[in-house]
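Asker: Please find one structure pasted underneath; my questions will follow.
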Amino acid sequence: MDKSRQQILTKWLRQHRSLAKPWSSLCVVAGALSTLLLIAQAWLLATILHGLIIAQDARDIYVWHFAGLIFVALLRALLNWAKEQFAFIGATKIRMHFRQQVMKQLQARGPLYIQQKTIGSWSSLLIEQIEHLHDFYARFLPQSMLSGIQPFLILLFVFPVNWACGLILLVTAPLIPAFMILTGMGAADANRRNFQALSRLSAHFLDRLQGLITLRLFYRTEAEGEKIVQASEDFRSRTMEVLRMAFLSSAVLEFFASVSIALVAVYFGFSYLDHLNFGDYGQLTLFSGLFVLLLAPDFYLPLRELGAHYHAKAQAIGAADSLQVFLDTKVITVSSGTQLLATPTDITIEADNCCVLAHDGNVLVGPLSFAIKSKQFVAIVGKTGSGKSSLINVLLGFSPYSGSLKINGHELSSLDLNNYRQYVGWLAQNPRLLPGSLRTNLLLGNHDASEELLVSAIEQAGASDIIQEKGWDYTISEQSAGLSVGQAQRLALARTLLKPCHLLLLDEPTASLDRINEEKILQTLTPLWRSRTTLLVTHRVNQLQQADHILLLQHGQLIAEGSYTELHSTNETFRALLARPDMTVSEVTENEYA
């Protein structure tokens, strides 16, 4: 990562500090007040020791000094605690803001955008990388201000006591930030590489874990295990690289702080031996020596703490690299308006030069022009990659589009998508069942469905045997483990049947079923096709023959439309498509698992 990129990311991180400005200001105020109390504590202690040792005063004289010393120490502890709390609350608010922004962006960009990366990569961005911004806002930024305020306050009180010591402190103070920068060079790059390694490891491990059955079937467990070991070793080495830099930086800072404090001590030692006779505004006393020596370590402490937290800045820059790109990169998102769907029981669809767009603006499918009447059964057919699923996705409101796409005379982009989707039923080729009970999954689209409706939907979907075998409370795990593809498909169909919808979108709903179950499902779906507007993506000849209208897609273009008879008699591409082996009824058995 070059310096200009680091500067951009640092500026970007600092801009978000305003989200917690009140808490950050309180943190700085608490730190400054704590420093003033530290000076008062050093003055009280030096006064007491000078009076008791040199002046030989009675102890009774210093009762209130002792009381003040205890009070100041307790108040300092309270202020230091408050400073930590203010910093933590402010950093937490900023982290919450980042997570909300990421979730908002993911929701706006939709499921198709999310599928471009693995779940492991998204979880790393949302959890680990944002979490690593905490110390930057809670530690580094407040300390970067306090590292200037606290030494300045100490110098204000040291110079009137001894200008030579004040000069020593002033001259040696810049050494710590200078060496902090030198030892920290390259830390941002190391942290960025570390986060990239963590993201790869998370994605790699989760993907291999989800595909463990397939790996075992093809005897690839050992090979993939070795790859996980290599990814883990890469992450370990990069983590150690970051830690080496952090420890090196801390050691250098401690060394120069100790040398600087030693210079002050040596000065007073030679002064008390009368080898040095400058710096004091009169006779050198025990009070002045104790006062300055008590403050000297705390003069460098803010700078040392800034150095200790400097790796938090490098860590935050490394974490912010991909986060800033994700949040600030402009992509085309699906527009959602406020218009409610008029007459939702009779849904019509009109497309005029409609182009389905990718999130980067590239045209995936189109331009398409067609019209679908209310309660019309329309089949969509074409080779793999012709744009069938993309058309379904744009009708679901998952993909942006250009041109015109009207639902009941209203542009889809002007409709309230949450309201619109209430009337849409969707069954995908590989439906996802969420972790939870069977009952919870079935009631996902209609929580108020009665027991009679639930049982009826299960029977219509041909899934009664699944309920008899596993029960309503059977827990579905990740990736529908324990269920065959056909079982998951039938349960998803039952879930679709339970939802009161008026636009039915089906993406090869019987692709994973055997012949017997496919015939049962078709018997269930046939009356549904006739009672609501239906779009069916299919490779089955028998389903095409039942359709009122067929849309033939090729290379993202609508090349023909009409009834089965019309296309079969007039379109060579359609006839060639029907002759393909994958246009026949499936012979998949129920023993095939996902």
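Numbering of the sequence shown is given in this note's numbering, commencing with residue 9 and proceeding in unit increments.
Even for Gly, the Cβ is constructed at its ideal location relative to N, Cα and C.
Just the C-alpha distance for Glu595 and Gly494, rounded to the nearest angstrom, thanks.
Answerer: As a working mapping, residue 595 is identified with position 587 in the sequence shown. As a working mapping, residue 494 is identified with position 486 in the sequence shown. With a pLDDT of only 41 at Glu595, under 50, the local geometry of the prediction cannot be trusted, and the value read off the model is given with reservation. Their backbone Cα atoms lie some 12 Å apart in a straight line.
Asker: Using the three-state DSSP reduction, which class does Asn370 fall into: helix, strand or coil?
Answerer: In the sequence shown, counting from the first residue as 1, residue 370 sits at position 362. It is coil, neither helix nor strand.
Asker: Under 8 Å by Cβ, that's how I've got Ser445 and Asp481 pegged, so tell me the actual separation to the nearest angstrom.
Answerer: Here residue 445 is taken as the residue at index 437 of the sequence shown, counted from 1. Here residue 481 is taken as the residue at index 473 of the sequence shown, counted from 1. Yes, they are in contact, since the Cβ atoms of Ser445 and Asp481 sit about 5 Å apart, within 8 Å.
Asker: When the distance is taken between beta carbons, is Ile558 closer than 9 Å to Thr581?
Answerer: Locating residue 581 in the sequence shown gives position 573, where the first residue counts as 1. Locating residue 558 in the sequence shown gives position 550, where the first residue counts as 1. No.
Asker: Report yes if the C-beta distance between Pro310 and Gln151 is below 9 Å; otherwise report no.
Answerer: Counted from its first residue, the sequence shown places residue 310 at position 302. Counted from its first residue, the sequence shown places residue 151 at position 143. Against a cut-off of 9 Å, the Cβ pair of Gln151 and Pro310 comes out as a contact.
Asker: According to the neighbour-count rule (16 or more other Cβ atoms, all chains shown, within 10 Å of its Cβ), is Thr609 buried or exposed?
Answerer: Here the chain has residues from 9 to 602 only, and residue 609 is not among them.
Asker: Quick check: the segment 109-125 against the segment 297-315, are there 3 or more CB pairs under 8 Å?
Answerer: Contact between the segment 109-125 and the segment 297-315 is absent, because fewer than three Cβ pairs lie under 8 Å.
Asker: Using the rule of at least 16 other Cβ atoms within 10 Å of the residue's Cβ for burial, across every protein chain shown, is Thr597 buried or exposed?
Answerer: Against the sequence shown, residue 597 aligns to sequence position 589. With a pLDDT of 39 at Thr597, under the threshold of 50, the modelled position of that residue is not reliable, and no figure is offered here.
Asker: From this set, Tyr318, Ala436, Leu404, Gln551, which residue's C-alpha is nearest Ser421's C-alpha?
Answerer: Position 413 of the sequence shown, counted from the start, is the residue given in the question as residue 421. Ser421 has its Cα closest to that of Leu404, out of Tyr318, Ala436, Leu404, Gln551.
Asker: Measuring alpha carbon to alpha carbon, tell me which residue in Tyr289, Leu560, Arg503 is nearest Val389.
Answerer: Stepping through the sequence shown from its first residue, residue 389 is reached at position 381. If we check each option's Cα against that of Val389, Leu560 comes out closest.
Asker: Within 10 angstroms of its Cβ, does Thr43 collect 16 or more other Cβ (buried), or is it exposed?
Answerer: On the sequence shown, residue 43 is found 35 positions in, with the first residue counted as 1. Label assigned to Thr43: buried.
Asker: Any idea what DSSP makes of Tyr482, helix, strand or coil?
Answerer: As a working mapping, residue 482 is identified with position 474 in the sequence shown. It is coil, neither helix nor strand.
Asker: When you compare only the Cα positions, how much space is there between Ala5 and Ala28?
Answerer: This structure cannot speak to residue 5, because the chain is shown only from 9 to 602.
Asker: Applying the 10 Å Cβ sphere with the 16-neighbour rule, what's the burial state of Asn401?
Answerer: If you number the sequence shown from 1, residue 401 lands on position 393. It is buried - the Cβ of Asn401 has at least 16 other Cβ atoms within 10 Å.
Asker: To the nearest angstrom, how far is it from the Cα of Thr341 to the Cα of Asp368?
Answerer: Stepping through the sequence shown from its first residue, residue 341 is reached at position 333. Stepping through the sequence shown from its first residue, residue 368 is reached at position 360. Each residue's Cα considered, the two are about 9 Å apart.
Asker: Could you check whether Gly156 and Leu163 sit closer than 9 Å to each other, using their CB atoms as the reference points?
Answerer: Taking the sequence shown and counting its residues from 1, one reaches residue 163 at position 155. Taking the sequence shown and counting its residues from 1, one reaches residue 156 at position 148. Their beta carbons are not under 9 Å apart, which means Leu163 does not touch Gly156 by this criterion.
Asker: Just the C-alpha distance for Leu450 and Ile484, rounded to the nearest angstrom, thanks.
Answerer: Position 442 of the sequence shown holds residue 450. Position 476 of the sequence shown holds residue 484. Each residue's alpha carbon lies about 12 Å from the other.
Asker: Count the other C-beta atoms from every protein chain shown that fall within 10 angstroms of the C-beta of Tyr289, then say buried if there are 16 or more, exposed otherwise.
Answerer: Taking the sequence shown and counting its residues from 1, the one referred to as residue 289 is at position 281. So Tyr289 counts as exposed.
Asker: Using only the alpha-carbon positions, how far apart do Arg147 and Ile102 sit?
Answerer: Taking the first residue of the sequence shown as position 1, residue 147 is located at position 139. Taking the first residue of the sequence shown as position 1, residue 102 is located at position 94. Those two C-alpha atoms are separated by around 13 Å.
Asker: Work out the CA separation of Phe299 and Ser266 for me, nearest whole Å.
Answerer: The residue labelled residue 266 in the question sits at position 258 within the sequence shown. The residue labelled residue 299 in the question sits at position 291 within the sequence shown. For Ser266 and Phe299, the distance between alpha carbons rounds to 18 Å.
Asker: Beta carbon of Leu177, beta carbon of Ser268: below 9 Å?
Answerer: If you number the sequence shown from 1, residue 177 lands on position 169. If you number the sequence shown from 1, residue 268 lands on position 260. Their beta carbons are under 9 Å apart, which means Leu177 touches Ser268 by this criterion.
Asker: Using a Cβ-Cβ cut-off of 8 Å (strictly less than) and excluding sequence neighbours within five positions of Tyr70, which residues of its own chain qualify?
Answerer: Taking the sequence shown and counting its residues from 1, the one referred to as residue 70 is at position 62. Around Tyr70: Thr55, Ile56, Gly59, Leu60.
Asker: Roughly how many angstroms separate the alpha carbons of Ile138 and Ile184, rounded to a whole number?
Answerer: Taking the first residue of the sequence shown as position 1, residue 138 is located at position 130. Taking the first residue of the sequence shown as position 1, residue 184 is located at position 176. Approximately 29 Å, taken between the alpha carbons.
Asker: Taking Leu461 as the reference, which of Pro508, Pro159, Leu348, Leu87 has the closest Cα?
Answerer: Your numbering for residue 461 matches position 453 in the sequence shown. Leu461 has its Cα closest to that of Pro508, out of Pro508, Pro159, Leu348, Leu87.
Asker: In terms of residue numbering, what span does the alpha helix (DSSP H) encompassing Gln553 cover?
Answerer: Within the sequence shown, the letter at position 545 stands for residue 553. From DSSP, the alpha helix (DSSP H) with Gln553 extends over 549-554.
Asker: Report yes if the C-beta distance between Ser398 and Leu425 is below 9 Å; otherwise report no.
Answerer: Indexing the sequence shown from 1 puts residue 398 at position 390. Indexing the sequence shown from 1 puts residue 425 at position 417. The answer is no: Cβ separation not under 9 Å.
Asker: For Thr504, I'd like the list of residues in its chain whose CB is within less than 6 Å of its CB, leaving aside the five on either flank, ordered along the chain.
Answerer: Translated into the one-based positions of the sequence shown, residue 504 becomes position 496. Gly433, Leu435, listed in sequence order.
Asker: Hey, out of Gln384, Ala366, Leu423, whose CA is closest to Pro408's CA?
Answerer: Start at 1 with the first residue of the sequence shown, and residue 408 comes out as number 400. Closest option to Pro408, Cα to Cα, is Ala366.
Asker: Please classify Asn370 as buried or exposed, where buried requires at least 16 other C-beta atoms within 10 Å of its C-beta.
Answerer: Numbered from its first residue, the sequence shown carries residue 370 at position 362. Exposed, by the Cβ-count rule.
Asker: Quick one: what's Ala568 bridged to in DSSP?
Answerer: In the sequence shown, counting from the first residue as 1, residue 568 sits at position 560. Ala568 pairs with Leu560.
Asker: In terms of alpha-carbon separation, which member of Leu34, Ser410, Arg252, Leu303 lies closest to Gly630?
Answerer: As shown, the chain starts at 9 and ends at 602. That puts residue 630 outside it, with no answer to give.
Asker: Suppose contacts are defined by Cβ-Cβ distances below 9 Å. Is Trp154 in contact with Arg25 by that definition?
Answerer: For the purposes of this step, residue 154 is taken as the residue at position 146 of the sequence shown. For the purposes of this step, residue 25 is taken as the residue at position 17 of the sequence shown. Note on residue identity: the sequence assigns Leu, not Trp, to residue 154. For Leu154 and Arg25, no; Cβs fall outside 9 Å.
Asker: In this structure, how does DSSP classify His142 when only helix, strand and coil are distinguished?
Answerer: Within the sequence shown, the letter at position 134 stands for residue 142. Here His142 sits in helix by DSSP.
Asker: How about Ile236: is its C-beta nearer than 9 Å to some C-beta of chain D?
Answerer: Looking at the structure shown, chain D is missing, and only one protein chain is on hand.
Asker: With a CB to CB cut of under 6 Å and the five nearest residues on each side skipped, what residues in its chain are close to Trp20?
Answerer: Here residue 20 refers to the residue found at position 12 when the sequence shown is read from its first residue. Here the set comprises Gln332.
Asker: By DSSP's criteria, Ile415 is part of a beta bridge. Which residues make up the other side?
Answerer: By one-based count along the sequence shown, residue 415 stands at place 407. DSSP output for Ile415 lists Ile357, His418 as bridge partner(s).
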